[in-house]
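Peer 1:
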Amino acid sequence: MDGMVTAGGVPELDFDPFSRGFLEDPFPDHARLRDAGPVAWLRQYGVYAVGRHAEARAVLQDWEAFSSAAGVGLADFRREKPWRLASLVLETDPPMHGRSRRVLSRVLSAGVVNALRTRFQRDADEMVVALLARGTFDAVPDLAEAYPLRVFPDAVGMPRENRRYLLPYGNMVFNSFGPRNALFEDAVLDAARVLEWVQAQSQRENLTATGFGAEIHAAADAGELTHEEAPMVVRSLLTAGVDTTVSGLGAALFCLATHPEQFQALRADPTLARAAFEEAVRFETPVQTFFRTTTRPVELGGTTLDEERKVLVFMGAANRDPRRWKRPDDYDIRRPTAGHVGWGVGIHACVGMLLARLEGECVLTALAQRVGSIELAGEPVRRCNNIRRGLASLPLRLTPRAG
Ligand code: OW4
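Position 14 of the sequence shown, counting from 1, maps to 34 under my numbering, and the rest follow consecutively.
1. Inspect the beta-carbon positions of L375 and M252 and report whether they are closer than 8 angstroms.
2. Do E395 and L378 have their C-beta atoms within less than 8 angstroms of each other?
3. The ligand OW4 heavy atoms versus the CB of R122: any closer than 7 angstroms?
4. Nearest by alpha-carbon distance to A150: which of F140, D162, R183, Q141 is it?
5. Roughly how many angstroms lie between the CA atoms of A130 and H360, to the nearest whole one?
6. Report the option in A285, P188, S196, G261 whose CA atom is closest to the CA atom of P168.
7. So for W103, helix, strand or coil by DSSP?
8. Can you tell me which residues form a DSSP beta bridge with D158?
9. Answer yes or no: the CB of V193 versus the heavy atoms of the ligand OW4, is any distance below 7 angstroms?
10. Tell me which residues share the same chain as S256 and place their Cβ nearer than 8 angstroms to its Cβ, disregarding the 5 neighbours each side in the sequence.
11. Looking at T385 and R306, is the spacing between their C-beta atoms short of 8 angstroms?
12. Pull up the DSSP beta-bridge partners for L62, would you.
13. List the DSSP bridge partners of V333.
14. Do V148 and T323 have their CB atoms nearer than 8 angstroms?
15. Consider the C-beta atom of S393 and the heavy atoms of the ligand OW4; say whether any pair is separated by less than 7 angstroms.
16. Using a C-beta cutoff of 8 angstroms, does V254 count as contacting chain B?
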């Protein structure tokens, strides 16, 4: 029952953040969580929960007290075997984390990403022109999925065939950070085949001679990673690189279709494309939650958390915390978004965010320059996932820009 407190004085809550009802509309429980206190206890799972911006940031920034090495899902790797080999970057602490992170940071650095801009913009322009010719289409498969599935595997150096498997694979991995509920079980039905395929894609001989994949394998030649580790780091790219940006693009398209005045502001000044994407990442927060595990008794928001406990950080709740944001539930492409936690913060903050932002900027720039209006042409349909917030379907109607 809500209203009880733990022996440590932490308020207890009963909602299930992995139920379909919550995932369809998390916002009322987000408010309850934030209002209960700086930290709450989720009775159903026996985990701490953090929904306010200040404490979410504090947890994510303190990797020593709030470890990732026991897994960033509900499963505690010290007690149960991970369902797939643990990630060398997401599910590690320093010093191991730094080894893989350093390689990924370089492979996805500003200079590398900026060099892709011309190609990424051309691909976005081409897609938007083709969709304008159709007028009405489903923006999830036809744009939010199609665009990252074209540009990202190209940049990694993957072959064209079967890249669409990256979508069910991402859905599987993100569901796996939650409990073993029906979402998880349905997502892993085909796991053996998909995992085998992803592992094969990560091998050096299956990647082109140039691209992110080849550069990660070259880092093993240079001694920065072992040759056993290199394919695992490529796997991280394939895991985190597609369906996250699919959710982000879907969020931006949903926001612009449902806030026509914001799309008109973007049309009036297409240089707002990057800000409009960033605000969509705050507003919808594609990666809604991740866990940490306490390594010692640790003070947070005036209470002391027990050691060896999972802590569920609600980035989506923090990104709409009224203690931090003015009119948090408004999508406003001119608001200062700095400090949002949609990419995480601290040593595990999204290493691919410059690439994701480039994809968002290119698609929204193409829309701003070529499209007159974006309207819903049907009801959006949510794709429920334990961790990731996104749509399965977004029927849109575009009209061309006059003149
Ligand atoms: C958000 C992320 C997500 C899922 C998987 C991995 C990374 C990985 N970052 O390293 O496998």
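Built from N, CA and C at the ideal position, the CB exists for glycine as well.
Peer 2: Looking at the atomic coordinates:
1. no
2. no
3. no
4. D162
5. 20 angstroms
6. G261
7. coil
8. P415
9. yes
10. S107, L108, V109, L110, S120, L124
11. Looking at the sequence itself, residue 306 is Pro, so the reference to Arg does not match. Not closer than 8 angstroms, so no.
12. L33, V67
13. V70, F310
14. no
15. no
16. No chain B appears in this structure, which consists of one protein chain only.
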